[in-house]
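Below is one structure, written out as structure tokens, with a few remarks after it.
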Amino acid sequence: MPQFLSPAEAVKIIRDGDTVIYNNFLGMYNCEQLSAALNDRFRAEGHPKDLTIYCTAGLGGWAPNTVCEQIITLGAVKTLMLSHYGSMPATAQMVLDNRIEAYNLPFGVMSHAVRAAASGQDYIISDAGLNLFVDPKYKGYQLNERSRQELVEEIVIDGKRRLKYQTPKPDVALIKASSVDSLGNISMENEPVIGDPLSIAQATKRRGGKVIVQVERVIDSPRRPIEVMIPAVLVDYVCLTPDQTQIQGIPGCDPHYAGDAPMRDEALVEYAKSHASSNPKDLAKRLIAERAARELKEGDVVNIGVGAPEFVAVEAARVGMLPKVALTVEAGSMKGLPMGGLAFGAAMGTQAVCTTAEQFDLYDGGGLDICFIGALEIDREGNVNGHYNPKKLSGIGGFINITQFTHRVVFCTTFSAGGLEIERDENGLKILKEGKFLKFAQHVTALSFSAQNAHENKQDVTYVTERCVFRLGERGLVLTEVAKGIDVKKDILDLLPFEVEVAEQLVRF
């Protein structure tokens with residue numbers, strides 16, 4: 001039976017130099033109360049220090065220095081191993097300033113590595129990341145000069161080059177759940193998605209570590225066995241925190257996210273239409289989504305990414321495709337309407353929730369028909385940087401696993417960024433003010449997606465902007481479509497830093 005402690009008492013078991021593993025996906029299932037207690041302890045004692053944080057995603061918040069990343073900005077953490085830094089702006093800046101040792105690995109790989117650690121393995125073998133920034137020939141996962149650990153190796157099996165990733169070695173696990181029953185078993189019925197709580201607990205206990213779970217409430221009777229997410233035998237301490245939120249930054253608990261208020265397809269479509277953005281600042285994203293959604297086919301299994309791709313889900317509802325496809329998010333939701341913003345990872349009307357590792361089994365196995373995902377830079381060959389530049393560290397997240405193994409890949413990005421202003425009327429699209437930063441470059445700063453890989457894997461790749469569409473051809477980008485009202489030469493070709501092939505018959509959309 002787990003021991004009940006307050007958050008302040010529970011975090012006292014964390015020692016200097018420990019590796020702390022979090023079950024966390026951006027704003028989902030954040031241990032905010034445990035994090036606050038850990039921050040308070042460090043402020044008062046200067047301990048624990050020299051921590052390593054391992055989190056398969058990121059610690060959420062989407063604003064600088066929110067509660068879950070404060071332990072990092074306070075100076076208690078020596079090393080970070082995350083897939084996503086974009087929701088932790090203060091931490092990301094520390095990494096760019098070379099003030100903390102930090103590594104960036106693919107979300108799916110990290111999730112599978114946790115599961116492997118739970119079964120006693122010290123490494124996993126994967127194709128995810130081949131010829132990309134995490135490949136040992138680039139070592140781009142080492143994010144600054146402080147970061148010298150060799151976490152990825154090249155290995156050849158049956159004549160095929162593959163990647164060998166280390167598995168984590170956690171000393172303490174911090175997990176947020178919904179309830180603990182009378183026997184000490186943990187369930188997560190109020191969470192929109194669940195992550196990998198069982199594997200995290202197993203991996204920690206395998207090393208003799210401690211598992212701390214914060215819950216909202218105690219259930220007086222035993223849970224049905226099928227509802228138990230973490231058995232009591234794997235839990236050391238439980239912290240009762242009735243004021244915890246479902247999603248960091250959003251008060252209360254929405255029953256739609258947890259499936260307590262099911263929504264049929266018709267209701268989802270109406271919800272999406274009623275919540276569609278009318279903000280003029282979102283016009284470019286809406287235009288991108290309008291064109292991108294035309295790539296959907298009935299029966300598609302789809303991944304929806306963060307940022308501009310979030311609008312594709314709403315557009316799918318608007319044009320009647322939502323009931324005909326299965327939209328998914330790497331956090332684990334299947335079907336329904338994926339949410340955006342702070343709630344990214346959650347979904348309205350989801351029909352099933354997988355663990356993160358199980359979702360990436362589907363993705364890595366080629367189970368996605370199509371994905372919609374953002375881009376920071378695109379070069380003439382069709383390579384994409386989706387995670388890093390010297391002034392902005394987003395982190396790779398699930399980008400590699402999703403784009404490397406999906407049959408049809410649709411990149412969704414504005415043509416330029418930093419002040420782009422546009423308008424659309426009956427005459428078409430008009431560029432009022434060009435953005436300061438062009439999204440197209442001679443060479444991408446970091447390689448998140450390889451056009452060479454795409455050719456070898458026979459992937460169909462499309463790049464959708466608010467003003468034009470490119471396809472991946474044999475020699476690189478091919479301009480195939482242009483929005484009505486756009487001057488091909490002035491608004492596209494003259495701005496590109498390279499020559500691009502133009503289709504013989506440009507389509508207007």
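Residues in the sequence shown are numbered from 1 upward in steps of one, following the numbering used here. For glycine and all other residues, C-beta sits at the position ideal for the given N, C-alpha and C. Quantities reported herein were computed from a predicted structural model and do not represent experimental measurements.
Who are residue i's beta bridge partners in DSSP?
i           : result
residue 460 : 408
residue 54  : 21 and 81
residue 174 : 22 and 212
residue 162 : 155
residue 4   : 238
residue 303 : 328 and 371
residue 477 : 472
residue 334 : 328 and 352
residue 125 : 164
Please name the residue in the options whose C-alpha comes closest to that of residue i.
i           : options               : result
residue 51  : 30, 39 and 19         : 19
residue 233 : 497, 216, 431 and 212 : 212
residue 299 : 369, 248 and 252      : 369
residue 406 : 417, 420, 449 and 90  : 449
residue 509 : 317, 25 and 468       : 468
residue 418 : 409, 392 and 411      : 392
residue 74  : 14, 443 and 44        : 44
residue 414 : 353, 281 and 343      : 281
residue 411 : 423, 379 and 425      : 379
residue 344 : 92, 313 and 224       : 313
residue 153 : 124, 3, 204 and 163   : 163
residue 170 : 120, 462 and 147      : 120
residue 151 : 461, 123 and 250      : 123
residue 308 : 463, 499 and 470      : 463
residue 31  : 500, 207, 293 and 246 : 246
residue 408 : 112, 451, 497 and 199 : 451
residue 397 : 25, 489, 228 and 506  : 25
With the cut-off set at 8 angstroms, would you say residue i and residue j are in Cβ contact?
i           : j           : result
residue 340 : residue 310 : yes
residue 466 : residue 287 : yes
residue 56  : residue 110 : yes
residue 330 : residue 350 : no
residue 191 : residue 261 : no
residue 302 : residue 325 : yes
residue 333 : residue 114 : no
residue 486 : residue 428 : yes
residue 136 : residue 23  : no
residue 447 : residue 107 : no
residue 90  : residue 65  : yes
residue 27  : residue 244 : no
residue 382 : residue 252 : no
residue 327 : residue 335 : yes
residue 49  : residue 97  : no
residue 377 : residue 441 : yes
residue 206 : residue 117 : yes
residue 156 : residue 204 : no
residue 174 : residue 265 : no
residue 461 : residue 472 : yes
What does the Cβ neighbour count give for residue i, buried or exposed, with the cut at 16 atoms within 10 Å?
i           : result
residue 202 : buried
residue 399 : buried
residue 180 : buried
residue 226 : exposed
residue 432 : exposed
residue 491 : buried
residue 42  : buried
residue 372 : buried
residue 375 : buried
residue 217 : exposed
residue 364 : buried
residue 279 : exposed
residue 148 : exposed
residue 390 : exposed
Using C-beta distances below 7 angstroms, list every residue in its chain close to residue i, excluding the 5 sequence neighbours before and after it, in chain order.
i           : result
residue 5   : 237 and 239
residue 88  : 58, 59, 61 and 69
residue 395 : 58, 82, 83, 84, 85, 86, 104 and 387
residue 275 : none
residue 503 : 478, 479 and 480
residue 11  : 34, 37, 38 and 41
Got a sec? Which residues, its chain only, sit under 8 angstroms from residue i by beta carbon, not counting five neighbours each side?
i           : result
residue 1   : 183, 184 and 232
residue 320 : 269
residue 145 : 98
Using a threshold of 7 angstroms, is the CB atom of residue i nearer than that to any non-hydrogen atom of the ligand NAD?
i           : result
residue 407 : By its list of ligands, the structure shown contains no ligand whatsoever, and the ligand NAD lies outside what it can speak to.
Looking only at its chain, what residues have a beta carbon closer than 6 angstroms to the beta carbon of residue i, apart from the 5 residues adjacent to it on each side?
i           : result
residue 533 : Because the chain here runs from 1 to 509, residue 533 falls outside it and cannot be looked at.
residue 177 : 186, 188, 213 and 215
residue 453 : 131
residue 36  : 67
residue 7   : 33, 34, 37 and 239
residue 219 : 179 and 181
residue 385 : 376, 377, 444, 445, 446 and 448
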